[in-house]
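Protein chains in written order, with full-length UniProt numbering: chain C, 1 to 256; chain R, 1 to 256; chain U, 1 to 256; chain D, 1 to 256.
All C-beta atoms, glycine included, are put in the ideal place defined by N, C-alpha and C.
Quantities reported herein were computed from a predicted structural model and do not represent experimental measurements.
4 protein chains.
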Amino acid sequence: MADQDMSNNNNDNLVVSENPEHPANLIPSLCAKFWTLGWVTGTGGGCSIKEDDLVYIAPSGVQKELMKPSDIYVLKLSSQTDLRNRSYLRSPPCLKPSQCTPLFLAAFTKRGASCCIHTHSHWAVLVTLILETRGPGFDKAFEINNIEQIKGFGRGLDKKGNLGYHDMLRIPVIENTAHEEDLTEFLEEAMEKYPDAYAVLVRRHGVYVWGETVHKAKTQCESLDYLFQLAVEMKQLGIPWLSDIEPTVPVRKSQQ
Amino acid sequence: MADQDMSNNNNDNLVVSENPEHPANLIPSLCAKFWTLGWVTGTGGGCSIKEDDLVYIAPSGVQKELMKPSDIYVLKLSSQTDLRNRSYLRSPPCLKPSQCTPLFLAAFTKRGASCCIHTHSHWAVLVTLILETRGPGFDKAFEINNIEQIKGFGRGLDKKGNLGYHDMLRIPVIENTAHEEDLTEFLEEAMEKYPDAYAVLVRRHGVYVWGETVHKAKTQCESLDYLFQLAVEMKQLGIPWLSDIEPTVPVRKSQQ
Amino acid sequence: MADQDMSNNNNDNLVVSENPEHPANLIPSLCAKFWTLGWVTGTGGGCSIKEDDLVYIAPSGVQKELMKPSDIYVLKLSSQTDLRNRSYLRSPPCLKPSQCTPLFLAAFTKRGASCCIHTHSHWAVLVTLILETRGPGFDKAFEINNIEQIKGFGRGLDKKGNLGYHDMLRIPVIENTAHEEDLTEFLEEAMEKYPDAYAVLVRRHGVYVWGETVHKAKTQCESLDYLFQLAVEMKQLGIPWLSDIEPTVPVRKSQQ
Amino acid sequence: MADQDMSNNNNDNLVVSENPEHPANLIPSLCAKFWTLGWVTGTGGGCSIKEDDLVYIAPSGVQKELMKPSDIYVLKLSSQTDLRNRSYLRSPPCLKPSQCTPLFLAAFTKRGASCCIHTHSHWAVLVTLILETRGPGFDKAFEINNIEQIKGFGRGLDKKGNLGYHDMLRIPVIENTAHEEDLTEFLEEAMEKYPDAYAVLVRRHGVYVWGETVHKAKTQCESLDYLFQLAVEMKQLGIPWLSDIEPTVPVRKSQQ
Numbered sequence: 001m002a003d004q005d006m007s008n009n010n011n012d013n014l015v016v017s018e019n020p021e022h023p024a025n026l027i028p029s030l031c032a033k034f035w036t037l038g039w040v041t042g043t044g045g046g047c048s049i050k051e052d053d054l055v056y057i058a059p060s061g062v063q064k065e066l067m068k069p070s071d072i073y074v075l076k077l078s079s080q081t082d083l084r085n086r087s088y089l090r091s092p093p094c095l096k097p098s099q100c101t102p103l104f105l106a107a108f109t110k111r112g113a114s115c116c117i118h119t120h121s122h123w124a125v126l127v128t129l130i131l132e133t134r135g136p137g138f139d140k141a142f143e144i145n146n147i148e149q150i151k152g153f154g155r156g157l158d159k160k161g162n163l164g165y166h167d168m169l170r171i172p173v174i175e176n177t178a179h180e181e182d183l184t185e186f187l188e189e190a191m192e193k194y195p196d197a198y199a200v201l202v203r204r205h206g207v208y209v210w211g212e213t214v215h216k217a218k219t220q221c222e223s224l225d226y227l228f229q230l231a232v233e234m235k236q237l238g239i240p241w242l243s244d245i246e247p248t249v250p251v252r253k254s255q256q
Numbered sequence: 001m002a003d004q005d006m007s008n009n010n011n012d013n014l015v016v017s018e019n020p021e022h023p024a025n026l027i028p029s030l031c032a033k034f035w036t037l038g039w040v041t042g043t044g045g046g047c048s049i050k051e052d053d054l055v056y057i058a059p060s061g062v063q064k065e066l067m068k069p070s071d072i073y074v075l076k077l078s079s080q081t082d083l084r085n086r087s088y089l090r091s092p093p094c095l096k097p098s099q100c101t102p103l104f105l106a107a108f109t110k111r112g113a114s115c116c117i118h119t120h121s122h123w124a125v126l127v128t129l130i131l132e133t134r135g136p137g138f139d140k141a142f143e144i145n146n147i148e149q150i151k152g153f154g155r156g157l158d159k160k161g162n163l164g165y166h167d168m169l170r171i172p173v174i175e176n177t178a179h180e181e182d183l184t185e186f187l188e189e190a191m192e193k194y195p196d197a198y199a200v201l202v203r204r205h206g207v208y209v210w211g212e213t214v215h216k217a218k219t220q221c222e223s224l225d226y227l228f229q230l231a232v233e234m235k236q237l238g239i240p241w242l243s244d245i246e247p248t249v250p251v252r253k254s255q256q
Numbered sequence: 001m002a003d004q005d006m007s008n009n010n011n012d013n014l015v016v017s018e019n020p021e022h023p024a025n026l027i028p029s030l031c032a033k034f035w036t037l038g039w040v041t042g043t044g045g046g047c048s049i050k051e052d053d054l055v056y057i058a059p060s061g062v063q064k065e066l067m068k069p070s071d072i073y074v075l076k077l078s079s080q081t082d083l084r085n086r087s088y089l090r091s092p093p094c095l096k097p098s099q100c101t102p103l104f105l106a107a108f109t110k111r112g113a114s115c116c117i118h119t120h121s122h123w124a125v126l127v128t129l130i131l132e133t134r135g136p137g138f139d140k141a142f143e144i145n146n147i148e149q150i151k152g153f154g155r156g157l158d159k160k161g162n163l164g165y166h167d168m169l170r171i172p173v174i175e176n177t178a179h180e181e182d183l184t185e186f187l188e189e190a191m192e193k194y195p196d197a198y199a200v201l202v203r204r205h206g207v208y209v210w211g212e213t214v215h216k217a218k219t220q221c222e223s224l225d226y227l228f229q230l231a232v233e234m235k236q237l238g239i240p241w242l243s244d245i246e247p248t249v250p251v252r253k254s255q256q
Numbered sequence: 001m002a003d004q005d006m007s008n009n010n011n012d013n014l015v016v017s018e019n020p021e022h023p024a025n026l027i028p029s030l031c032a033k034f035w036t037l038g039w040v041t042g043t044g045g046g047c048s049i050k051e052d053d054l055v056y057i058a059p060s061g062v063q064k065e066l067m068k069p070s071d072i073y074v075l076k077l078s079s080q081t082d083l084r085n086r087s088y089l090r091s092p093p094c095l096k097p098s099q100c101t102p103l104f105l106a107a108f109t110k111r112g113a114s115c116c117i118h119t120h121s122h123w124a125v126l127v128t129l130i131l132e133t134r135g136p137g138f139d140k141a142f143e144i145n146n147i148e149q150i151k152g153f154g155r156g157l158d159k160k161g162n163l164g165y166h167d168m169l170r171i172p173v174i175e176n177t178a179h180e181e182d183l184t185e186f187l188e189e190a191m192e193k194y195p196d197a198y199a200v201l202v203r204r205h206g207v208y209v210w211g212e213t214v215h216k217a218k219t220q221c222e223s224l225d226y227l228f229q230l231a232v233e234m235k236q237l238g239i240p241w242l243s244d245i246e247p248t249v250p251v252r253k254s255q256q
C-alpha cells in the first residue's frame with residue numbers, strides 16, 4: 001500500500017484493484033483517451049462511474065492524461081443523497097471534488113445511468129454558438145437527422161433498441177451559469193423536457209453525455225462528438241442539419 | 001486456452017494464432033489504427049478479411065480500439081453461400097454479427113477481394129453531402145482527377161497496374177437505407193455499373209473499400225480518405241475536383 | 001555516468017535524476033507532448049522551469065520530441081541576474097542556448113513564475129493575423145469572454161482564485177522582432193501594462209505562457225490554445241469573440 | 001541473421017545495425033513518424049539518406065508506418081552515377097525501388113544534401129492548387145514572409161546561417177508528370193533557377209525537401225508543412241501571404 005501513497009484511514013481500498021475494468025482504473029484510462037481527443041484540455045471536463053451504490057468521480061483541476069486511481073473520489077449513493085450536499089467515502093488528499101458532481105449524480109439518479117462524461121470539446125461549443133445565432137427561441141436544441149451515426153444512440157430510458165437512420169436526434173441546450181453546480185437544476189429541467197435524450201449541451205461550455213453502461217456512455221459521447229464536428233463542417237459548407245429524405249425501400253429479389 | 005476466455009466447442013482455435021498476420025490478430029490491430037484515424041468512431045464501421053474459404057469479421061457494437069481476437073466471427077464461404085442467410089463456424093458469446101456482413105461478402109464473391117473495410121469517416125460523409133447539393137442525377141458518383149494520390153488505386157478487376165495521374169477516379173454513391181443489410185443489393189448494383197471501382201460511397205453514412213489483399217484494401221482506403229479530405233478542402237476554397245490539365249511531356253536531353 | 005554521455009566537469013549532476021518530476025526530466029517529456037500538439041514543430045518554441053534559484057532551459061535547435069535530460073541548460077538566478085548577459089552553471093556540449101532565455105527569465109523575475117512555455121502554435125499565429133486585419137490601434141490584445149474554458153486562468157499575480165465565466169480574458173499582443181532576444185523589452189512592457197495576464201502573444205510568431213507552477217503553466221497553455229482554436233473557428237463562422245450575455249441567476253428551490 | 005529474413009548474398013549487412021541513427025534504422029522510424037503526420041498516406045511519399053557514398057532508400061509501395069530495415073535499398077553513389085540508370089548494392093526481395101530515386105539523387109548530387117524527404121501532405125497539395133488559381137505565370141512559386149517559422153530554413157547552399165523574419169521564403173513549384181521519374185529534369189531546372197531553395201513543390205502531388213543533415217531535412221520539412229498549413233488557413237481567412245511589415249527596431253535602454 002505504501003508505494004501507492006495512500007493512507008489507510010481514508011478507504012483507499014476502494015480505489016485499489018488489479019482489474020482494469022474497476023472504475024478507479026477505468027476513469028484514469030478513459031480520461032487519458034479523452035485528453036488525446038481534445039475533450040478535456042487544460043483540466044476541463046470530467047468523468048464519473050456508478051457501480052452498485054458507489055460513485056467514483058475524477059477530481060477537479062487534475063491534468064486528465066496524468067490521472068491516477070489514487071486521485072479518485074468515492075461517494076455512496078442512497079435514496080437520501082442530496083445532489084448538492086453530500087459526503088465522500090474517500091477523498092484524495094490535496095485535491096478538490098469536481099464541480100460536475102451534482103450533474104453526474106443527476107444522470108445517475110434521474111436517468112439510471114452508470115457513467116457520465118463531461119467534455120469541453122470545441123465541436124460541442126461551436127454547435128451551441130451556431131445555434132445562438134438563430135436567436136432566442138430557436139437555440140434550445142441541436143437537431144440532426146439522416147446521418148448513419150445517429151444509430152449510435154439508444155431510443156431512450158426504458159425503450160428498446162437504438163435510433164434509426166430516419167429518426168431525429170435531439171439534444172437540448174441549456175445556458176451556462178457562473179458556477180458549474182448551478183447548472184444542475186437546468187440540467188434536470190432539460191432531462192424532464194427531453195426524457196429520451198442521453199446528453200445535454202451547455203452553451204459556450206461543452207456537453208454532458210451519459211449511458212446505461214460505461215460502454216454506452218463512451219460510445220454515445222464519441223458518436224455525438226462526431227455529429228457535432230460534422231454539423232460544424234456542414235454549416236461551413238452551407239448544408240442544413242435537417243433533411244426530408246424519404247426512406248429508400250429496397251425491392252428484394254424474392255418479392256419481385 | 002483458459003486465459004483467453006474461450007470455450008472449446010466453438011471452433012475457438014480458428015482465432016488463436018501467434019502470427020500477427022493471422023486475420024484474427026490483424027483485424028483488431030487494423031481496427032485500433034482506424035479508430036485513431038476517426039474512421040470507426042463510436043463502434044461505427046468495420047473490417048473483414050477472407051483467407052482461402054474462411055471469412056473473419058469484426059463484430060457489431062464493439063469499441064474498435066479495444067477489439068480482441070476472441071471477438072472475431074468466422075464464416076465459411078462456399079459457392080452456395082447466401083449473402084443474407086449464412087451460418088457461422090465461430091460466434092463469440094455475447095456479441096452480435098456485423099450488419100455489414102452481406103456487404104463484405106459481396107466484395108469477396110463479386111470482386112474477388114480478400115479484405116473489405118467500412119468506415120464512417122466524416123470526409124466520406126461530407127463528400128456525399130456536397131454531391132447531394134448538385135441535385136438528382138448529378139450526385140451518383142465522386143469524380144476527381146489530376147491528383148498524384150489517385151495512383152494509389154488499381155485499374156480494376158482483372159486489369160494490370162494502377163491508375164495514372166491523368167486518369168479519373170470514379171467512386172459510385174448509393175443512397176443509405178434504414179437497415180444496413182438492405183444496402184447489399186444497391187452495393188451489388190453499383191459494382192455492376194462501375195466494374196473497375198474498388199469502393200462505394202454510401203450517402204450520409206460512409207464508404208466501403210476493398211482490395212485483392214489486406215495491404216491493398218488498407219492503402220486504397222487511406223488514399224481514398226486522403227482524396228475525400230482534399231476534395232472537401234478544395235470545395236471550401238472554390239477549386240473544382242475535375243481539371244483539364246494536359247499531360248506534360250518531358251523533353252529528354254538525349255532526345256534533343 | 002558514462003552512458004549518459006556527460007563529462008563531470010560541467011555540473012552534469014544537475015540534470016541527472018530518477019525523479020520524473022525533476023525539471024531535467026520534465027522538460028523533455030513536456031516538449032515531446034507539445035510536439036504531438038503541433039506547438040514546437042521544426043525545433044520552434046521552447047520551455048523553461050525554475051526550481052529555487054536554478055533555471056532549467058531547453059536548448060535551441062533540438063528536435064523537441066527527441067530531447068534528452070543531457071540537452072538541458074542550467075542557469076543560477078540571483079538578484080544580480082542580467083536577463084541578457086548571463087552565465088550557465090551547465091551547458092550541454094555542441095548545443096546553443098535558447099534565444100528565448102531572456103523572455104523566460106522575465107516571466108520568472110517579473111511575475112514570480114516557475115515555468116514558462118513558448119509555442120509556435122498556428123492557432124496563436126492565426127489569432128494575431130486576424131487581429132492585424134482590424135488595423136493599428138485595435139490589434140494589440142486578444143479579448144474573449146463567456147466561454148467556460150476561460151475559468152482555466154488565474155485572476156493574476158497576488159490575486160486569489162480563477163477568472164469566472166463572465167470575466168474577459170485579455171492577452172496582450174506584441175510585434176515580432178528580427179531577433180527573438182529583442183522581444184524582451186516589449187514583453188516586459190506588456191507585462192507592466194497587463195499585470196494580470198499569464199501570457200503574451202507575439203505577432204506572426206506564437207505565444208509565451210507562464211504559471212506559478214509547472215502544472216499551471218501547462219494547463220493555462222492548453223486552455224489558451226483551445227481558446228485560440230475556438231476563436232479562429234468562430235471567426236470563420238462569423239461569430240464575434242465578445243458577447244454581452246447577462247449572468248443567468250439560478251432560482252434555488254429553497255429560495256422560492 | 002536468419003531471424004531477420006535476409007539472404008547473405010545481397011549485402012544484407014548494409015542494413016543491419018544496432019545503432020538507431022544508422023540510415024537503415026532511421027528511415028523506418030522517420031517514415032512511421034511521417035505516417036502519423038499524414039505525409040505518407042497510402043504508401044505515398046518517401047525518404048532517402050546518404051552516408052558517405054552510400055544512399056539508403058525506402059522502397060516503393062510499402063506501408064510507411066510498418067517499414068523494416070530489411071526493406072531498404074542501398075545504392076553506391078559515384079561521380080559516374082547516372083540518375084536514371086543505376087545499380088543497387090542491395091535490393092530487398094519482392095519489393096520495387098522507389099520512383100523517387102532519381103529525385104533523391106538530384107538533391108544529393110546537385111545540392112550536397114544528406115537526406116531528402118518526399119511527402120504527399122495535403123497542405124502542400126492545397127498550396128499548389130491555390131497558386132494555380134492565380135493563372136499561368138503567377139503560379140510557379142510559393143512565397144511567404146514575416147512568419148517566425150521561416151527562420152527554420154537555411155539561407156542556401158554555401159551560405160551561412162538561417163533566413164530571418166523579414167526575409168521571404170520562396171519555394172518553386174513544378175508541374176506534375178505522368179511518371180514520377182520524369183519530374184527529375186524539372187526538379188533540376190528548378191534547383192538551378194532557385195539555387196537557395198531547400199524544397200520544390202510538385203503541383204497536385206506534394207513536396208520534396210532536403211537538407212545538409214537528416215536533422216535539417218526533417219526539421220525543414222516540418223517547418224514547411226507548418227507554413228503550408230498556415231498559408232491555406234490564411235487564404236480561408238482572406239489574409240495575404242506577403243506583407244510589407246517594417247522591421248521593429250528595439251531601443252535598448254543602454255542606448256537611450
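Counting only Cβ pairs nearer than 7 Å, list the residues of chain D close to residue i.
i                : result
Tyr165 (chain R) : Asn176, Ala178
Pro93 (chain R)  : Here the premise fails: no neighbours, minimum Cβ distance about 33 Å.
So what does residue i bridge to, in DSSP terms?
i                : result
Leu75 (chain D)  : D:Val55, D:Tyr88
Met168 (chain R) : R:Asn145
Asn11 (chain R)  : DSSP lists no partner for Asn11 (chain R).
Interface residues of chain R around residue i at Cβ under 9 Å?
i               : result
Gln63 (chain D) : His215, Lys218, Thr219, Glu222
Closest by CA to residue i, which one among the options?
i                : options                              : result
Arg155 (chain R) : R:Met168, R:Glu148, R:Ile147         : R:Met168
Leu89 (chain U)  : U:Thr101, U:Ser98, U:Lys96, U:Leu75  : U:Leu75
Glu192 (chain R) : R:Lys33, R:Leu163, R:Arg111, R:Ser78 : R:Arg111
Which word fits residue i, buried or exposed, when buried means at least 16 other C-beta atoms lie within 10 angstroms of its C-beta?
i                : result
His179 (chain D) : exposed
Glu18 (chain U)  : exposed
Cys94 (chain C)  : exposed
Glu148 (chain C) : buried
Gln256 (chain D) : Residue placement at Gln256 (chain D) is poorly supported in this model, since its pLDDT is 38, which falls under 50; the coordinates still yield a value, given next. When all chains shown are included, Gln256 (chain D) counts as exposed.
Pro59 (chain U)  : buried
Arg134 (chain R) : exposed
Asn13 (chain D)  : exposed
Pro172 (chain D) : buried
Gly161 (chain D) : exposed
If the cut is a Cβ gap below 8 Å, which residues of chain D does residue i touch?
i                : result
Gln236 (chain U) : Gln236, Leu237
Leu230 (chain R) : His122, Val125, Leu126
Just to make sure I have the definition right: I need the residues of chain C whose C-beta is within less than 7 Å of the C-beta of residue i. Which are they?
i                : result
Pro247 (chain U) : Ala178
Given the structure, does residue i come close to the ligand COA, in the sense that its CB is under 7 Å from one of the ligand's heavy atoms?
i                : result
Gln149 (chain D) : Among the components modelled here there is no ligand, and therefore nothing to report on the ligand COA.
Taking Cβ-Cβ distances shorter than 9 Å, what residues in chain C pair up with residue i?
i                : result
Gly152 (chain U) : Thr41, Gly42, Thr43, Gly44
Mind pulling the chain R residues with CB within less than 7 Å of residue i?
i                : result
Phe226 (chain C) : In the sequence under discussion, the amino acid at residue 226 (chain C) is Tyr, which differs from the Phe named in the question. Result: Thr41, Gly42, His122.
- Task: Starting from the N-terminal side, write out each stretch of the alpha helix (DSSP H) that is 4 residues or longer and does not extend beyond the region 207-254 of chain U.
- Result: 214-236
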